[in-house]
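Below is one structure, written out as structure tokens; comments come after it.
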Amino acid sequence: MPEGPSIVILKELLLPYAGKIVQSAEGNAAIDLSRLSRKKILGIKSWGKHTLICFSDFYIRIHLLMFGSYSINEPKENRVPRLSLRLKGGELNFYTCQVKLVEGKPDKDYDWEADVMGDAWNAAKALEKIHTLDSALVCDVLLDQQIFSGSGNIIKNEVLFRLAVHPESQVQAMPQSILKKLVKETRSYSFDFYHWKKANVLRKHWLIYKKAICPRCHTPVTSTHTGKGKRLSCFCPDCQQLYH
DNA sequence: TCCAATGTTTCGCC
DNA sequence: GGGCGAAACATTGG
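Right, here's the structure in full:
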């Protein structure tokens, strides 16, 4: 579920509820739910994998993490929501997610230019951030939410395959032209992801992630855990060049 | 049945 | 204090 493009889809589903007043707020989230009662939802925003429900003096930050889910107007049976908002003409339910109440406006907390799916995305700035890194591996850089907010493990693997770059390449050693493509392709693939996810055909467009054979050269795909977070990397050992 | 997975934070240890 | 690994959270599908 929860890479950036999926969160943009969630945001779009929530947008019709902007302007509505919360009639009641329930759930087992460790926040003061009474703060929400009778308050008007002023806006719905997203930043990477964060979903923001904005009120006048604070906002609710929802992160679905690995297993989070939601339902709109159809509560799941036998499940206690982490957060449930009853509105006039609707009910928003979030399960198994991280919920925080943050004081103030989101603008003070978020660099909108880092959101890969966002209107304010700044590719040049992302490139600059990459240049400040010492010895980072590209597989880690593509999961760095301060640089590519919203990029996740699927996006990482598919982008690296498109660029024919080995996940354990050091960004320092990669030519500038490839780094530029990396930045561009991460946004571009994220939008492909978004459209495929919306059409429920994301999985069949995976070229390397969880695949057995490289679609370009038919070499067996290597699947191994890489980088600081030891996240799964699927790559073609023949097509994807290692820069080091 | 068991394991791993589209994620992140926190804690303990060196 | 930085860096690393493990644990914690907790659901679903293969």
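Position 221 (the first sequence) corresponds to 211 in the working numbering; numbering is contiguous.
Note that the Cβ used here is the ideal one computed from N, Cα and C, for glycine as well.
Small disclaimer: the values here were computed from a predicted structure and weren't measured.
With fewer than 16 other Cβ atoms from the protein chains shown falling within 10 Å of its own Cβ, S14 counts as exposed. The C-beta distance from L150 to Q230 rounds to 6 Å, short enough to meet the 8 Å contact threshold.
Sixteen is the threshold: since fewer than 16 other Cβ atoms of the shown chains lie within 10 Å of the Cβ of I203, the residue is exposed. Following the DSSP letters along the chain, one finds W37 inside the beta strand (DSSP E) bounded by residues 33 to 37. Between S59 and K187 a beta carbon distance of about 14 Å is seen, past the 8 Å cut, so the two are scored as non-contacting. H156 sits buried, since 16 or more C-beta atoms from the chains shown fall within 10 Å of its C-beta. L133 sits close to N143, with the two beta carbons spaced by under 8 Å. For A114, the uninterrupted alpha helix (DSSP H) segment begins and ends at 113 to 121. A contact between stretches requires three or more CB pairs, one per stretch, nearer than 8 Å, and the segment 170 to 182 meets this requirement with the segment 99 to 115. Contact check between the segment 60 to 73 and the segment 9 to 25: three or more CB pairs, one atom from each, fall below 8 Å, which counts as touching. Under the DSSP assignment, S74 falls in the beta strand (DSSP E) whose first and last residues are 73 to 77.
The continuous stretches of alpha helix (DSSP H) do not include C87, and DSSP gives it neither H nor E. Collapsing the DSSP output to three states places S167 in a helix.
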